[in-house]
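One structure is given below, encoded as structure tokens.
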Amino acid sequence: MVFPEGELRRYKEVLYLVDRRALQCSCQEVVWPWQTQNCLHLANGSRLSWQKGGNLLPPSPTQQVRVKFRDQLEQKDFAAFGRLGRRSIKKLLQESELEPWHRARIPFVFYDDTLVAIGDYYVQREFHCAEQQGLSLVWSPIG
């Protein structure tokens, strides 16, 4: 059902009134000047920020940090830290229990052309570091 505030959606036997902004897909890649800006407001109304003290290796000063979205990905699988082998991105998003209307909006973080994180849910195995030694990403679906 459609209401002025949004749409009524069901996920896992729960009804949600989903804000219209949460239904907007993101279609524009963004370059993130992470060294001078720790918070990035995305066109779809969500926000991605970083803080010290996480388990994602920080990019080198020469690497460009880019944010893409699911419909822009060529890569179909991901080697998430704490998991054996590679899993499809679709399966990882399902396992994260992220509501379906947010799955097209979740930011995928790249260092140059390498996918290193899926929102604040998964870190690429090769870019994982000891807890508190790296960066921590925080994604807020509605800014």
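For the sequence shown, numbering that gives the first Met the number 0 gives the first residue as 0, with consecutive numbering after it. Glycine is no exception: its CB is placed at the ideal position from the N, C-alpha and C atoms. Small disclaimer: the values here were computed from a predicted structure and weren't measured.
Separation of residue j from residue i, as counted between CA atoms
| i | j | result |
| --- | --- | --- |
| L92 | P60 | 30 Å |
| G53 | V137 | 10 Å |
| L55 | L39 | 17 Å |
| N43 | R104 | 7 Å |
| P106 | P32 | 15 Å |
| R102 | K89 | 9 Å |
| E125 | G5 | 40 Å |
| S135 | W49 | 5 Å |
| S139 | D111 | 23 Å |
| E28 | S45 | 14 Å |
| K51 | V122 | 15 Å |
| A78 | I141 | 27 Å |
Cβ distance (whole Å) where residue i is taken to contact residue j below 8 Å
| i | j | result |
| --- | --- | --- |
| Y10 | P99 | 6 Å |
| V108 | V66 | 6 Å |
| Q63 | V30 | 6 Å |
| R69 | D76 | So it is not a contact: roughly 13 Å between Cβ atoms. |
| G133 | P57 | 6 Å |
N- and C-terminal bounds of the beta strand (DSSP E) containing residue i
| i | result |
| --- | --- |
| K75 | First-last for K75: undefined, no H or E at that position. |
Backbone secondary structure at residue i - three-state DSSP
| i | result |
| --- | --- |
| R102 | helix |
| R69 | helix |
| F109 | strand |
| L143 | Any answer about residue 143 is impossible in this case: the structure gives the chain only from 0 up to 142. |
| E4 | coil |
| Q27 | coil |
| R9 | strand |
| I117 | strand |
| L136 | strand |
| L83 | coil |
Residue range of the unbroken alpha helix (DSSP H) whose run includes residue i
| i | result |
| --- | --- |
| Q50 | Here Q50 belongs to no alpha helix (DSSP H); instead the beta strand (DSSP E) covers R46 to G53. |
| L56 | Counting along the chain, L56 falls outside any alpha helix (DSSP H), and DSSP gives it neither H nor E. |
| L97 | Counting along the chain, L97 falls outside any alpha helix (DSSP H), and DSSP gives it neither H nor E. |
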